[in-house]
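Only one structure is covered here, and it is reproduced in the block below.
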């Protein structure tokens with residue numbers, strides 16, 4: 265039994281573009297899904313870095329990242345290719361110099377999935393927020409993700425992947441995904457970071473942050489998260505924003521002990537702010 | 512061993528052969544180096560929803576703890592090799608690294624391990640761990656040392672079981688009530704697509720057809736969009752015995768109210784039982800109310816009705832004339848008349864959501880009566896989902912978490 269030879273995701277990235285740190289479980293799962301060539305489905309609370317994970321993987325492996333943002337109107341075929349009928353119709357009526365109306369290929373553009381397949385080197389493909397689309401959407405992608413090819417019926421051509429892309433799929437749980445789709449994926453639920461791990465994350469983003477200030481921030485942050493009545497819990501990304509704002513404002517540790525400044529960065533609902541101010545007790 | 516593990520899980524979770532083969536592939540490729548990784552990776556491959564994690568945890572712990580595992584000789588060595596794989600020191604706490612470096616001669620340990628395995632083969636005392644039961648070895652239970660782990664061997668197994676036993680995903684289980692977002696997701700199950708709105712979607716095929724017929728002059732054809740056509744009425748029991756659940760009812764209300772999902776959404780309040788008036792707000796003052804018959808006239812059976820209440824009241828409130836809980840309230844017809852009227856009027860388009868856990872041992876008499884007239888579901892994510900499925904397709908039993916957990920001791 266030996267580890268097969270493939271590009272391994274190292275889990276911790278600190279470059280100008282991406283700063284990201286993954287816990288060991290997540291790192292292992294990423295490597296497992298790369299080795300098994302299965303799409304990795306990532307879920308977790310909003311703001312736990314699901315989308316960022318794909319950026320981190322691409323950065324860590326030095327591969328190109330192709331992003332497919334899913335919207336409520338997105339259909340599977342949009343990811344593969346688009347055939348611009350209306351343009352062709354228009355050209356046939358009014359003529360066009362750049363495109364040949366008789367050549368259907370001039371009116372076909374590849375979508376993100378098509379681009380990922382057609383690429384000459386292995387890429388990382390991020391299918392972001394797959395649950396935004398219609399309930400049937402994932403089912404329409406089964407064949408494409410399984411054999412990594414699709415058929416352009418207008419030109420009767422197959423687009424086949426030269427190198428299976430590393431596929432990362434994120435979901436916010438708005439819709440349930442079909443079983444047939446899930447069976448083909450490796451699934452990971454990003455747990456909310458523990459206090460220690462969160463400190464590591466903060467240090468990565470703000471290396472100059474003083475330890476006692478960070479401790480106080482985390483104390484406030486986890487106190488907020490402990491309030492069960494909140495409708496929207498503050499997340500990692502909000503904490504990082506908050507620390508950023510605090511640093512810019514040059515707040516002192518003393519002040520931070522007694523107040524919760526810029527609470528709007530952490531809590532996005534009026535009601536939550538009220539509840540939080542009521543619940544959190546400051547030393548007097 | 513893994514086949515047994517798979518079937519053990521299959522009884523509890525919707526796992527398929529495809530996923531099992533994936534797991535075997537992962538083992539075959541050497542991607543799983545110790546028991547802790549096995550726990551996480553097998554979870555990632557076999558469970559596709561955080562709602563299933565808790566059940567997986569229980570099953571995992573039970574299987575590896577209680578199943579009297581007997582490995583055939585030929586795979587014993589493999590298992591040893593596998594468990595023996597060192598866990599990357601970087602993943603362990605600092606004091607543990609020191610701890611590990613202080614002790615242990617691996618060879619001696621392997622010998623002990625073999626002996627233990629043999630011993631286990633000889634005496635089948637079912638309920639014990641297959642290694643290190645009576646604290647007689649280094650594999651034993653020594654309590655508080657870092658994560659109960661001693662070295663390679665049984666330790667990885669124990670650590671994995673311990674992770675499973677923590678059951679940190681209990682809260683993610685579907686039969687536990689959560690936030691509005693999840694309620695919305697559950698409510699979204701209720702939908703019926705119909706064409707509504709303006710003609711603003713370009714129909715390419717028809718456009719081409721018409722353009723051709725038109726001799727090449729472009730003729731654009733627009734059509735209507737398909738949108739959800741469900742109209743919902745929410746009736747909420749407030750006050751009295753419902754007070755402890757007001758937070759829950761609020762969540763349900765704000766979820767349903769905030770959704771652009773419905774074609775129409777209306778809500779009314781009542782107390783304990785529906786009588787001749789339905790109130791517009793939780794204060795229930797008579798000036799702001801709708802007469803019951805008016806209510807039936809206003810909403811025909813194309814509306815879906817969801818009633819929320821604990822359906823627990825004094826028997827006379829349901830069955831007696833003048834039985835209402837309010838002394839001055841003279842209801843000419845007993846409460847049950849109104850319940851039946853609603854059921855008859857809306858047919859299969861009405862469900863009752865109950866926030867109180869429905870227990871078999873103790874069921875309020877009135878709840879029995881009401882649930883025999885209107886189908887009743889728990890006010891949990893799973894219950895709402897079931898109720899919405901019922902409304903969508905007039906009732907068909909689905910596999911519930913409650914059923915999945917049957918037969919477990921925990």
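Residue numbers (our numbering), protein chains in the order written: chain G, 265 to 548; chain U, 512 to 921. All C-beta atoms in this analysis are idealised placements derived from N, C-alpha and C, irrespective of residue type, glycine included.
Residue-chain proximity (residue i, chain U), Cβ-Cβ < 8 angstroms
i, result
"residue 289(G)", "yes"
"residue 325(G)", "no"
"residue 364(G)", "no"
"residue 299(G)", "yes"
"residue 510(G)", "no"
"residue 265(G)", "For residue 265(G), the predicted structure reports a pLDDT of 36, less than 50, and the residue's modelled location is therefore unreliable. A value from the coordinates is still provided. So yes, residue 265(G) belongs to the interface."
"residue 367(G)", "no"
"residue 450(G)", "yes"
"residue 505(G)", "no"
"residue 315(G)", "no"
"residue 453(G)", "yes"
"residue 372(G)", "no"
"residue 408(G)", "no"
"residue 292(G)", "yes"
"residue 443(G)", "yes"
"residue 437(G)", "yes"
"residue 296(G)", "yes"
Status (buried if at least 16 other CB within 10 Å, exposed otherwise) for residue i
i, result
"residue 549(U)", "buried"
"residue 876(U)", "exposed"
"residue 758(U)", "exposed"
"residue 471(G)", "exposed"
"residue 528(U)", "exposed"
"residue 533(U)", "buried"
"residue 307(G)", "buried"
"residue 423(G)", "buried"
"residue 303(G)", "buried"
"residue 475(G)", "exposed"
"residue 841(U)", "exposed"
"residue 542(G)", "exposed"
"residue 301(G)", "exposed"
"residue 312(G)", "buried"
Helix, strand or coil at residue i according to DSSP, with G and I counted as helix
i, result
"residue 306(G)", "strand"
"residue 833(U)", "coil"
"residue 526(G)", "coil"
"residue 746(U)", "strand"
"residue 434(G)", "strand"
"residue 556(U)", "helix"
"residue 504(G)", "helix"
"residue 511(U)", "Chain U is shown only over 512 to 921; residue 511(U) falls outside these bounds and no answer can be derived."
"residue 341(G)", "helix"
"residue 499(G)", "coil"
"residue 862(U)", "strand"
"residue 599(U)", "In this prediction, residue 599(U) scores a pLDDT of 49, lower than 50, which makes its location untrustworthy; the coordinate-derived value is nonetheless stated afterwards. Residue state, collapsed to three classes: coil."
"residue 564(U)", "helix"
"residue 274(G)", "coil"
"residue 492(G)", "coil"
"residue 532(U)", "helix"
"residue 450(G)", "strand"
"residue 361(G)", "coil"
"residue 947(U)", "Residue 947(U) lies beyond the range of chain U shown here (512 to 921); nothing can be said about it."
"residue 223(G)", "No answer is possible for residue 223(G): it lies beyond the span of chain G, which begins at 265 and ends at 548."
"residue 772(U)", "coil"
"residue 546(U)", "helix"
"residue 284(G)", "strand"
Sheet register partners of residue i (DSSP bridge)
i, result
"residue 881(U)", "Note: residue 881(U) sits in no beta bridge, so no partner."
"residue 332(G)", "391(G)"
"residue 815(U)", "743(U)"
"residue 722(U)", "Per DSSP, none; premise fails for residue 722(U)."
"residue 710(U)", "735(U)"
"residue 889(U)", "865(U)"
Proximity test, Cβ basis, 8 angstroms: residue i and chain G
i, result
"residue 834(U)", "no"
"residue 715(U)", "yes"
"residue 564(U)", "yes"
"residue 561(U)", "yes"
"residue 754(U)", "no"
"residue 553(U)", "no"
Ranges of the beta strand (DSSP E) found wholly within the stretch 776-807 of chain U, counting only runs of at least 3: Counting whole runs of 3 or more residues, the stretch 776-807 of chain U contains the beta strand (DSSP E) stretches 788-790 and 800-802.
Whole alpha helix (DSSP H) runs in the stretch 380-427 of chain G with 4 or more residues, listed along the chain? Counting only runs of 4 or more, we get 401-404 and 406-411.
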